[in-house]
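J.: Supplied in structure tokens, the structure appears directly below.
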Amino acid sequence: MARREQGTGAMNRERMTAILEAYGAAPARWPEAERAAAQAWAAA
Numbered sequence: 003m004a005r006r007e008q009g010t011g012a013m014n015r016e017r018m019t020a021i022l023e024a025y026g027a028a029p030a031r032w033p034e035a036e037r038a039a040a041q042a043w044a045a046a
């Protein structure tokens, strides 16, 4: 898994892929601490 800076809200392709593989495509299932950043990344 790719390293990320903690607390920055940064999202990258590797982390997004890991979230999708682990939790599926429904944002409600994504980790709450990363949900906003993941949704913003997906919308970009």
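Residue numbers for the sequence shown, in the numbering used here: 3 to 46. C-beta atoms are modelled at their ideal positions from N, C-alpha and C, and glycine is treated no differently. Owing to the predicted nature of the structure, the values given are computational and were not obtained by experimental measurement.
#1: Verify whether the separation of the beta carbon atoms of Tyr25 and Arg31 is less than 8 Å.
#2: Is DSSP giving Met18 helix, strand or coil here?
#3: Under a Cβ-count criterion, where at least 16 other Cβ atoms within 10 Å of its own Cβ denotes burial, should Ala40 be classed as buried or exposed?
#4: Beta-carbon within less than 6 Å of Ala42's beta-carbon, same chain only, minus the 5 sequence neighbours each way: which residues are those?
#5: Using the C-alpha atoms, what's the distance from Glu34 back to Asn14?
T.: Reading off the structure:
#1: yes
#2: helix
#3: buried
#4: none
#5: 17 Å
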